[in-house]
Every structure is written in structure tokens, then in C-alpha cells.
Amino acid sequence: MRRAPRRDLIAGSTVAVVALPLALAFGVSSGLGAEAGLITAIVGGFVAAIFGGSNLQVSGPTGAMTVVLIPIVHQFGPAGALTAGFLAGVILIGLAAAKVGRYVRFLPLPVIEGFTAGIAVVIALQQVPAALGLKASEDDRVLAVAWDAVSRFAQSPDVVPIVMALAVAATMLVGVRLRPGLPFALIAVALATALSALLLDLPTIGALPAALPAPSTGFFDAANAAALLPAAAAIAALAALESLLSATVADGMTVNERHDPDRELFGQGLANLAVPLFGGVPATAAIARTAVNVRAGAGSRLAAASHAVILAAVVLIAAPLVASIPLAALAGVLLATTARMVDPATLRGLLRSTRGDAAILVSTFLVTVTVDLITAVGLGVALAMIVALRNLAKTATFDRVEVDRRDHTAEEHRLLNERIVAFRPAGPLFFGAASRFLTDLTDVTGVDAVVLRLSAITTMDATGAAVLGDAIEHLERRGIPVLVSGITDDHHQVLTALGATARLNERGHVFPDTPSAIAYAREHLVRR
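Residue numbers for the sequence shown follow this note's numbering, beginning at 925 and rising by one.
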């Protein structure tokens, strides 16, 4: 942090300017109020910056988290959301201790893009009431809330809030293309606030506290703690996923930076233990703010920490001014944010790549919009595993191979073709491919001996070993002796544990190489 403090402070100031309208908007969208979003950006942003696993990560409230929070707030109230966030912090610290951070990188791209696109749609639907100048109905189903707002708007339309929301969104989207370095979100919100104060009368954020609230332990909803555990697990899963993806993006934008995934989970866990004490929503790393931090030249944790301190100064100095921001302007900020969350080129590429990837993408997207995020991710991962196992099973082969007969006449070749058969299974022999292996092997007829060359099997699980043992037993019951060669050290343990080759070992039918097995078959097993 002492290496280039001036550069880091400039980067932190830049991020704070970008984060202010987003923190306010996400706080309002979550149902806990604008001050909750600010508290999360300040407290969570500072704690995660100091204790997290990335030098460049910026944390705070995010749109994805508001999607998870809304049903919790509707069912359990603000105290329930704070309790769930605190429990999520405990879970994140547990995940860090279990060192599971490294496994998040295995999440399939279609699942990530599917739930990201779904979150974007959900956030956009959440903004419909504010963009129409109306108060949202008391319903945790975003489609129902959006439809109710449209119905009420049709009865007494007012285009001013719509124009303001669209103007703010357009300013952000166009501005970022023309001058990426300027904080167009803040500029657009400031202009909308000034216009509203002078000429219009639109719903605003409302009064904010002039200082951070004192820490309190009275937030914890002990009566509903057990019922809130599934929600806490969902928050923890989302915080882990979003934070580690964001840290990966930050690493990719730099040369020498590499984050520590387990320490990042620990830092996010501490942040989520601290934030509820002040009344904030759960925190996670934010990809957009982290990218701004990197592009602004940040080189250490000082940038993210200073961004939190600057936001705290805003609360102390400019709370009355921030309170006059129109809700329609914040809706515009989030509409622009959702538009930038989705990469159309990536979505088109995935939809055109394979039918399996397209199905995973579409399923994850639809479940995110219609059910919830965690169900969508669970379904997407399950589908991805099924597709992967199906594709992996297709790589397994079971080929009949030629026996070496260079020293024999054509008549002997023909005899050997009829009576000694060598098979070489290749690829993975696991539960996904085991049934096909069993069918192919037990269909062998009209031979005096079967030689199994196992050296080309890349992996073997318990199911594969058991099926191999069943196939050998089936053939020998039919009077066809089986000789096995090329058992690797990796496969010896599972075959021995399941007794798949026990009888063969007793009879001396296990050989170190294929020529030895063939020679034994010619000498002892072929009927003359």
C-alpha cells in the first residue's frame, strides 16, 4: 500500500464516484433502503479490501444479491435479511477453512452466462415500477410486480419518469463508449436530480442518516434463524461465486496479480459478519467496480479501502443532497447496468456451439427469471454434468485388435481369428460407459479365449471395475476363458478391492503384457 499511494487514492476516488449511484440503487432495489446500500459499500467494501484475497477487488452491494434478497425481505422482513447475511458470513468463513475456493473455477460457462442474463432480466423487471413513477407492489415475484406496475400506469400514465429513466440509461450506455474514463452514472444522476428539484416533482430516495449508525447486535432474528439457513446458504453461494469470478476477471486484466481464492472467501465472510451490525445488505465483490478500479491504475488494497472511506465522507457531508435523488434516475442506472451485464456475442456463440450447451444456457436463464437464482445454478450444474458425462462416455471405445501372427501361415491366421480374440477398451471405464462395455463384451461368441488389453483405459471407477468383473464371470460361465494384460498401478487397487480379477489371479490368467497372454492362450486354451 506504500508503493504508489497517490495512484491508489486516485483510483479509489474514481471507483467511489462510480459506486455511489450503484450503492444507492441496489439498496433501494433490495427493499432495505438506499442507506443499506451505502452501508454495505462502506463497511463491507473496507473489510473485504483489507482481509480479502485480491489486491484489486472492490466489494459492496450488487444486483445479483438484490435478486436473492427480495423474497427474504418479503417473507422475514429487514431483520430476516440481516440475519441471513450474518449467517452467510459464517458459512463463507467455513468454506474458506474447507479450502473450497479453488473449485468455483469449474463452474461451466453456459451456467454463468445463463444466470447472468437471467439476473439482468430480473433486475430490469424490478425497476419497472420506479421507472414508471410508481411504488412497487408487495410481491416477491418480479413478473407480477412489473405487470402490476404496467397495469396501474396504463390507468394514469405519466411519461416524465420514463423519460428520465431512459435518459439516464442512455447517457450511461452512450457515454461509456465515447469516454470510458468519465463517471457518466454520477453525471446523469446529478443532472436528473437538479432537473427534478427545479422543475419536476418525482419520488426521491428520502432522508438519509447524517452518519453511520452505531454497531448493534439487535438485528439478529433468533426465532427465524433455522428457517433462514437455506437463504443464508444461497447468499453465501452467490457471494462466493460472484467474488471469485470478479477476482479472476481482475487477474486477467493485470500481469502479475493472482488472487488467493480461500482468503477471498474469508474476507467476504468477515465483511458479511460486519455489515449486518450496521444495517447493511449482504456484500460481495462487484465485477464492474473492480474493473473500474483496475483501469484507473490501482495497484494495492489502498484503492478499494479508500473508495469505502470516500463513500463514508459522502454520508457525513452530502446526505441531504443524496436524499433528493429521484428513484426514476436510479432505475435508469440499474437499467443501464443490466444492459452491460450481458455479452450478446458470447450468448450467440453458446447458443450456436452445441445443443447441450444451448440447453444448459436456456434452462438456467429461464429458471433464474421464473424461480430463483440458486435453483437455476443447481439445475444448470446438474445439466452440465449430465452432458459432460454423456460426452465422456462417447469417448470410450471397445475395439477388437489384431493378434500378432507374423510367424504363422494363412491357415493358422484364420484359425486364430476364429478362436482367440483380443479386445482393447480405451478411454474412461466408468459408470457412464460401463453398460455399453458389458453388452459388447458379453456378446462375444464362437471363440476359445478372450484377451483383454487394459493398458489403454484412462480411468476406472468402482462401477467400471464391477462391470468388468461381471463380464469376465459371464464369459467364463459360458466356457470362454479370459486373459487380462496391461493392468496399470492406478487401476490395480480398484480391481483388487472389488475382486474383479481375483479368480483370474488364482488361475494365472493375469499377465504383464499382451504377447505373454496371447502365447499362453495359444499353448493352453485353443482347442486343436
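Where is the CB? At the ideal position from N, CA and C, for every residue including glycine. Please read these numbers as outputs of a predicted model, since none were measured by experiment.
Can you give me the C-alpha to C-alpha distance between residue i and residue j, rounded to a whole angstrom?
| i | j | result |
| --- | --- | --- |
| His1415 | Leu1378 | 9 Å |
| Ile1344 | Val1311 | 37 Å |
| Ala1135 | Val1239 | 6 Å |
| Leu1049 | Ala1073 | 10 Å |
| Leu1031 | Glu1447 | 54 Å |
| Leu1197 | Ala1156 | 12 Å |
| Phe1143 | Phe1202 | 9 Å |
| Ile1159 | Gly1009 | 7 Å |
| Leu1365 | Ala1395 | 7 Å |
| Val1374 | Ile1404 | 7 Å |
| Leu1392 | Ala1424 | 7 Å |
| Pro929 | Leu1226 | 7 Å |
| Phe970 | Pro985 | 13 Å |
| Val997 | Glu1062 | 10 Å |
| Pro1081 | Ala1022 | 55 Å |
| Glu1335 | Tyr1444 | Bear in mind that the predicted position of Glu1335 carries a pLDDT of just 39, short of 50, making it unreliable; the figure below should be weighed with that in mind. For Glu1335 and Tyr1444, the distance between alpha carbons rounds to 20 Å. |
| Arg1272 | Arg1279 | 13 Å |
| Glu1430 | Phe1354 | 26 Å |
| Pro1185 | Gly1370 | 58 Å |
| Glu1181 | Ala1209 | 16 Å |
Quick check on residue i: does DSSP put it in helix, strand or coil?
| i | result |
| --- | --- |
| Ser1287 | helix |
| Met1309 | helix |
| Ile1129 | coil |
| Met1384 | strand |
| Val1205 | coil |
| Phe1144 | coil |
| Leu1407 | strand |
| Ala1373 | strand |
| Ile963 | helix |
| Arg1330 | A caution first: Arg1330 carries a pLDDT of 49, below 50, which makes its placement in the model unreliable, though a value can still be read off. In this structure, Arg1330 counts as coil in the three-state DSSP scheme. |
| Ile1086 | helix |
| Ser983 | strand |
| Ala1005 | helix |
| Arg931 | helix |
Whole-angstrom Cβ separation of residue i and residue j, contact assumed at under 8 Å?
| i | j | result |
| --- | --- | --- |
| Pro1034 | Ala1260 | With a Cβ gap of about 25 Å, Pro1034 and Ala1260 do not count as contacting. |
| Gly1004 | Leu1152 | 6 Å |
| Ala1174 | Thr1214 | 5 Å |
| Leu956 | Pro1200 | With a Cβ gap of about 11 Å, Leu956 and Pro1200 do not count as contacting. |
| Gly1256 | Leu1122 | Their Cβ separation, rounded to whole angstroms, is 18 Å, which puts Gly1256 and Leu1122 out of contact at 8 Å. |
| Leu1126 | Pro1085 | 6 Å |
| Arg1402 | Ala1380 | Not confirmed; about 25 Å, so no contact. |
Take residue i and list the residues in its own chain whose beta-carbon comes closer than 8 Å to its own, dropping the five residues that flank it on each side.
| i | result |
| --- | --- |
| Gly1042 | Thr1288, Phe1289, Leu1290, Val1291, Thr1292, Val1293, Leu1297 and Ala1300 |
| Leu1189 | Gly977, Leu1016, Ile1017, Leu1019, Ala1020, Val1024, Gly1025, Ala1164, Ser1167 and Leu1168 |
| Leu1274 | Leu1033, Pro1034, Glu1037, Asp1281, Ala1282 and Leu1285 |
| Pro1133 | Glu959, Val1239 and Ala1243 |
| Glu1397 | Arg1427 |
| Val1305 | Leu1031, Pro1032 and Val1035 |
Please state whether the Cβ-Cβ distance between residue i and residue j is less than 9 Å.
| i | j | result |
| --- | --- | --- |
| Thr1438 | Ala1350 | no |
| Val1046 | Ala1060 | no |
| Gly987 | Met1177 | no |
| Ile1129 | Ala1237 | no |
| Leu1419 | Ile1411 | yes |
| Ser1170 | Gln1051 | no |
| Val1087 | Ile994 | no |
| Gly936 | Ala1228 | yes |
| Gly1105 | Phe1077 | no |
| Ser983 | Leu1258 | no |
| Ala1212 | Ala973 | no |
| Phe975 | Gly1191 | yes |
| Pro1154 | Ala1012 | no |
| Val1246 | Leu948 | yes |
| Phe950 | Thr990 | yes |
| Ser1295 | Leu1162 | For clarity, residue 1295 is Val in the given sequence; the question names Ser instead. No, the pair does not count as a contact, with Cβ atoms beyond the cut-off. |
| Ala1263 | Ala1093 | yes |
| Gly1099 | Ala1112 | yes |
| Gly1193 | Val1014 | yes |
Just to confirm my understanding: we take residue i, look at its own chain, exclude 5 residues before and 5 after, and list those with CB closer than 7 Å. What are they?
| i | result |
| --- | --- |
| Thr1117 | Ser1248, Ile1249, Pro1250 and Ala1253 |
| Glu1400 | Val1406 |
| Val1216 | Thr938, Val939 and Val942 |
| Gly1204 | Ala960, Ile963, Thr964, Val967 and Gly968 |
| Ala1222 | Asp932, Ala935 and Leu980 |
| Leu1303 | Ser1287, Thr1288 and Val1291 |
Say whether chain D places a C-beta atom closer than 9 Å to the C-beta of residue i.
| i | result |
| --- | --- |
| Ala1157 | No chain D appears in this structure, which consists of one protein chain only. |
For residue i, which residues from the same chain have a beta carbon less than 6 Å from its beta carbon, with the 5 sequence-adjacent residues on both sides left out?
| i | result |
| --- | --- |
| Ser1224 | Met925, Asp932 and Asn979 |
| Arg1452 | Note that Arg1452 scores 46 on pLDDT, short of 50, meaning its location in the model is unreliable; the coordinates nonetheless yield the value given after this. Nothing listed; no residue qualifies. |
| Ser1435 | Correcting the residue type first, residue 1435 is Phe in the shown sequence and not Ser. So the list reads Ser1409 and Ala1441, once near-sequence residues are dropped. |
| Thr1383 | Pro1352 |
| Leu1102 | none |
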